[in-house]
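In what follows, a single structure is set out as structure tokens and then discussed.
Numbering (the working numbering), first residue to last: 15 to 265.
What follows is the structure, given as structure tokens:
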């Protein structure tokens with residue numbers, strides 16, 4: 015039986031936190047509207063880093079992620095920013111589509127009042143870590159929530175290296191609570207809808223990758239998100255329309 019030293023356990027925890035942050039970063043960028051700059055970063059930086067990071071995760075998860083990451087690489091290598099922009103518009107549309115809405119409150123809120131409360135709660139998470147959102151950006155967009163988890167996992171790795179257990183616990187506890195109260199509640203429905211709407215190709219691959227990774231994250235963080243049962247049709251019935259976070263680019 016091999017016994018790890020305290021230093022070895024800490025180093026392993028740092029590597030795992032950085033690996034998790036790399037996967038979150040990849041998924042966040044993969045679901046954001048693809049500018050030429052972000053497409054290049056996705057292909058040349060985010061994806062290779064995530065592929066290396068996946069090898070540092072538990073063997074069963076690494077084995078499940080590897081073929082999905084390889085498939086994603088294939089889609090990106092045969093695409094360009096313009097083609098992904100067209101596909102992004104088709105899947106998500108400029109005005110929020112109820113076929114595959116990428117925003118949490120469409121799934122979790124029954125009316126505009128509950129939506130306001132949920133957005134306020136998300137903003138509270140961000141403010142607690144000194145984060146401010148761009149004026150036109152929706153706090154509850156899947157890409158934004160994934161980016162927040164990337165930030166928290168990276169901050170956990172930094173705390174493990176430079177701070178004590180108290181700050182590490184804050185980072186981990188916040189990840190657990192955000193997964194339980196927000197991201198974990200609607201991720202399954204979103205990835206299912208994304209897979210159906212995409213009908214193959216890049217976004218179906220992203221949906222599968224997101225689904226696999228987030229399910230393991232729920233277990234890893236010991237989160238217990240409540241299943242979503244809200245029908246988003248109330249938005250259509252109310253006649254409400256609002257733009258996607260990348261409104262200017264999507265036009």
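Cβ coordinates follow ideal geometry from the N, Cα and C atoms, glycine included.
Short Cβ contact (9 angstroms threshold) for residue i with residue j
i           : j           : result
residue 30  : residue 78  : no
residue 204 : residue 139 : no
residue 175 : residue 28  : yes
residue 65  : residue 46  : no
residue 95  : residue 54  : yes
residue 147 : residue 38  : no
residue 219 : residue 93  : no
residue 128 : residue 194 : no
Close Cβ partners of residue i (< 7 angstroms) along its chain, the five nearest in sequence each way excluded
i           : result
residue 122 : 132, 199, 200, 242, 244
residue 76  : 68, 69
residue 240 : 199
residue 87  : 61
residue 182 : 170, 173, 174
residue 230 : 75
residue 207 : 113, 114
residue 233 : none
Chain-order list of residues whose beta-carbon lies under 6 angstroms from that of residue i (same chain, five-residue window excluded)
i           : result
residue 211 : 105, 113, 114
residue 180 : none
residue 50  : 95
residue 32  : 171
residue 214 : none
residue 157 : 42, 45, 46
residue 126 : none
Supposed contact pair residue j and residue i - C-beta distance, whole angstroms, cut 8 angstroms
i           : j           : result
residue 40  : residue 60  : 5 angstroms
residue 34  : residue 167 : 4 angstroms
residue 63  : residue 44  : Their Cβ separation, rounded to whole angstroms, is 13 angstroms, which puts residue 63 and residue 44 out of contact at 8 angstroms.
residue 89  : residue 117 : Contact doesn't hold; Cβ gap of about 24 angstroms is too wide.
residue 57  : residue 216 : Their Cβ separation, rounded to whole angstroms, is 12 angstroms, which puts residue 57 and residue 216 out of contact at 8 angstroms.
residue 42  : residue 161 : 4 angstroms
residue 221 : residue 209 : 4 angstroms
residue 197 : residue 159 : 5 angstroms
Cβ shell of residue i (< 8 angstroms), same chain only, five flanking positions each side left out
i           : result
residue 143 : 165, 166, 169, 188
residue 141 : none
residue 18  : 26
residue 268 : The requested residue 268 is not part of the displayed model; the chain covers only 15 to 265.
residue 136 : 118, 153, 154, 159, 196
residue 73  : none
residue 48  : 56, 95, 98, 99, 102
residue 91  : 57
_Stretch pair the segment 215-227 + the segment 185-193: three plus CB contacts closer than 8 angstroms_ = no
*May I have a chain-ordered list of the alpha helix (DSSP H) segments no shorter than 4 residues that lie completely inside the segment 130-177?*
Qualifying alpha helix (DSSP H) stretches, in chain order: 156-176.
*Hey, which unbroken runs of the beta strand (DSSP E) at 3 residues or more fall wholly within the segment 196-233?*
none
*Go through the segment 55-112 residue by residue and report every complete run of the alpha helix (DSSP H) that reaches 4 residues or more, in order.*
61-68, 73-91, 95-106
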